[in-house]
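Please read the structure below before turning to the comments.
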Amino acid sequence: MRSIQKQGGGGYHLGQAHTNPPQTHQQATSRWGSFGHKPAVLQCLLDEQFQLCCYSELRADEEGLGYHIEHVENKSQNPPRTFDYANLAASALDSAQDLQAFKAQGYVVFGGHAPGKQSACDMLRFVSCHRPDCRRYFAFLSDGRVVPSLGLNPAEQDQAQYTIDILNLNSPFLLTRRRQWWDELDALYEEHRQKNWSLPDLAAVDLVPVNGKLSRFFSLTRQFFGAAAEAALQAHAPALV
Numbered sequence: 510m511r512s513i514q515k516q517g518g519g520g521y522h523l524g525q526a527h528t529n530p531p532q533t534h535q536q537a538t539s540r541w542g543s544f545g546h547k548p549a550v551l552q553c554l555l556d557e558q559f560q561l562c563c564y565s566e567l568r569a570d571e572e573g574l575g576y577h578i579e580h581v582e583n584k585s586q587n588p589p590r591t592f593d594y595a596n597l598a599a600s601a602l603d604s605a606q607d608l609q610a611f612k613a614q615g616y617v618v619f620g621g622h623a624p625g626k627q628s629a630c631d632m633l634r635f636v637s638c639h640r641p642d643c644r645r646y647f648a649f650l651s652d653g654r655v656v657p658s659l660g661l662n663p664a665e666q667d668q669a670q671y672t673i674d675i676l677n678l679n680s681p682f683l684l685t686r687r688r689q690w691w692d693e694l695d696a697l698y699e700e701h702r703q704k705n706w707s708l709p710d711l712a713a714v715d716l717v718p719v720n721g722k723l724s725r726f727f728s729l730t731r732q733f734f735g736a737a738a739e740a741a742l743q744a745h746a747p748a749l750v
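For what it's worth, our numbering labels the leading residue of the sequence shown as 510, then goes sequentially.
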């Protein structure tokens, strides 16, 4: 999970709505449902996230999927944060079409729409994508799984596993795509190593934004290339270090 640095406030209309925040679950649901400026807010969120899903780091647009505005702290649990831009993020999947399509194919949805996240979420155990150190909680394996990182203390291990489970980050859909991505990186790595080509240059291809967009699974790529990734980021995108 890549840490998201908030930029701006999501626009005038969101700011105005937040000056008089809802106080109950019912008010939050009603007012959010009638808020007519979600596309503009979503675009702000995608711009600051370089088009990556806040939880899975999937490029939903490359999958023919959409995004929705995620309340990191559920609006049902904290209604006053419904219009708080600091509590919002862009998550796959689109609420209107993707959910039905996923369920029709037998998938259990992931990210902000995952059943666990939709119910009461323990924010003391949940690792938020807005935490500056959130990436240190998670590690990626060559078979596509995301697991708690080595070196975490027991409480941190619990937080990491809770977050993975509640967001369904090891859904078959994500497992398949992460495994495919790892295999692609591995093949390119071996070719560059055998031909003595630059590994930092290779890492930069998928770690440096192009037209304000990052390649899918930024954190997996960063972990895969290790020191070469850090060299590429320092040279070409120090703001992402």
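For glycine and all other residues, C-beta sits at the position ideal for the given N, C-alpha and C.
Where does residue 597 sit, in a helix, a strand or coil, going by DSSP? strand
For residue 702, count neighbouring C-beta atoms within 10 Å of its own C-beta (all shown protein chains included) and say buried if the count is 16 or more, exposed if not. The residue in question, residue 702, is exposed, as its Cβ has fewer than 16 Cβ neighbours within 10 Å.
If you measure between the beta carbons of residue 601 and residue 562, is that distance less than 7 Å? yes
Is it true that the segment 521 to 534 meets the segment 562 to 581, where meeting means three or more beta-carbon pairs spaced less than 8 Å apart? No, the segment 521 to 534 is not in contact with the segment 562 to 581.
Since residue 648 is in the beta strand (DSSP E), which residue starts that stretch and which ends it? Counting along the chain, the beta strand (DSSP E) containing residue 648 begins and ends at 647 to 649.
Where does residue 621 land, buried or exposed, given buried means 16+ other C-beta within 10 angstroms? Taking every protein chain shown into account, the CB of residue 621 has 16 or more other CB atoms within 10 angstroms, so this residue is buried.
Selection from 725, 712 and 729 that minimises the alpha carbon distance to residue 745: 712
Check whether the segment 551 to 562 touches the segment 592 to 607, counting contact only when three or more Cβ pairs, one atom from each stretch, lie closer than 8 Å. yes
Along the chain, where does the alpha helix (DSSP H) that runs through residue 657 open and close? Element bounds for residue 657: not the alpha helix (DSSP H) but the beta strand (DSSP E), 655 to 657.
Cα-Cα separation between residue 573 and residue 700, rounded to whole angstroms: 30 Å
Suppose you measure from the CA of residue 532 to the CA of residue 517; what does that come to, to the nearest Å? About 24 Å.
Tell me the start and end of each unbroken alpha helix (DSSP H) in the segment 511 to 571 that is at least 4 residues and wholly inside, in chain order. 521 to 527, 534 to 543 and 547 to 557
Pull up the distance between the alpha-carbon of residue 678 and that of residue 648, whole angstroms please. 12 Å
Give me the DSSP bridge partner(s) of residue 578. 599
Looking at chain D, is there any beta carbon in it that lies within less than 7 Å of the beta carbon of residue 598? This model lacks chain D altogether; it includes just one protein chain.
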